[in-house]
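One structure is given below, encoded as structure tokens.
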Amino acid sequence: MVYYIYMPIGTTSNDLCILLGIDGISIGPILLTGFITTLATLAARPVTRDSRLFHFLMLAMYSGGSIFLLMGVLGMGLYASNEPTLNFETLANQSYPVALEIIFYFGFLIAYAVKSPIIPLHTWLPDTHGEAHYSTCMLLAGILLKMGAYGLVRINMELLLHAHSLFSPWLIIVGTGQIIYAALTSPGQRNLKKRIAYSSVSHMGFTIIGIASVTDMGLNGAILQIISHGFI
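Under full-length UniProt numbering, think of the first position of the sequence shown as 1, with each following residue one higher.
Here it is as structure tokens:
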């Protein structure tokens, strides 16, 4: 299932297909974390109030991020040229007023900050990771966290380059703080899966810095970090 959702994201030239692909991948972990994990672990341990709360937190934050993502895609598509379009080539050549471009960028950034995650929108990951089944944790850390970084590269960098250059210094600061904060928080976690989740947050900080550097070397390093973290 993940393969068939991943392929349109990497090959499409349509903005809406990327939206559907990224949110389509999000459906799997939400179901696994909430329902399938409950069935798989019901015999081993009871479903606690915390596990239901953390699943609701993940669902709420993902739904909120998806709203910003949808509004950004529709806003760019309706603004483009004389006829509404979601074609990447058309949107890449479209110029926007600075204020509008910043609004679009900020909306996409919120959506991808939930999925990456980027602090302070990372709170769903450690708790959900700690309550989820080990197989679900592999899917969360190995695949799902990469969607936010991919969206930042494919949409924010390619289509909103001017706004990206304005936000880049702040993203570097946030990424640096994220690395330090998560690295210091991770060793203090008694739950091994929470410790791994915080380490993933720290690793994604390197990716954010690479994307925000607006250089070929930084972007290549971010992509390498995405791939290597998936294997780890």
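Virtual Cβ for every residue (Gly too), placed ideally from N, Cα, C. In this text the structure is predicted, and so the values were computed from the model without any measurement.
Pairwise C-alpha distance: residue j and residue i
| i | j | result |
| --- | --- | --- |
| Trp170 | Thr85 | 31 Å |
| Pro187 | Thr176 | 18 Å |
| Met147 | Met61 | 15 Å |
| Ala212 | Arg190 | 33 Å |
| Val214 | Pro97 | 21 Å |
| Glu101 | Gly65 | 18 Å |
| Leu144 | Gln225 | 14 Å |
| Gly142 | Pro117 | 13 Å |
| Leu219 | Thr123 | 26 Å |
C-beta contact flag for residue i and residue j at 8 Å
| i | j | result |
| --- | --- | --- |
| Met138 | Phe104 | no |
| Ala92 | Leu152 | no |
| Ile223 | Gln178 | no |
| His229 | His203 | yes |
Close Cβ partners of residue i (< 7 Å) along its chain, the five nearest in sequence each way excluded
| i | result |
| --- | --- |
| Gly107 | Phe68, Met71 and Gly72 |
Chain-order list of residues whose beta-carbon lies under 6 Å from that of residue i (same chain, five-residue window excluded)
| i | result |
| --- | --- |
| Ile209 | Ile172 and Gly175 |
| Ile196 | none |
| Ser168 | Ala212 and Val214 |
| Ile155 | Phe108 |
Burial state of residue i (16 or more Cβ within 10 Å)
| i | result |
| --- | --- |
| Phe206 | buried |
| His162 | exposed |
| Ile232 | exposed |
| Met217 | exposed |
| Ala113 | buried |
| Ser200 | buried |
| Ala182 | buried |
Sequence-distant residues of its chain with Cβ nearer than 8 Å to residue i (five each side left out)
| i | result |
| --- | --- |
| Ile227 | none |
Exercise. Going along the chain, which unbroken runs of the beta strand (DSSP E) with 3 or more residues stay wholly within the region 91 to 162?
Worked result: Runs found: none.
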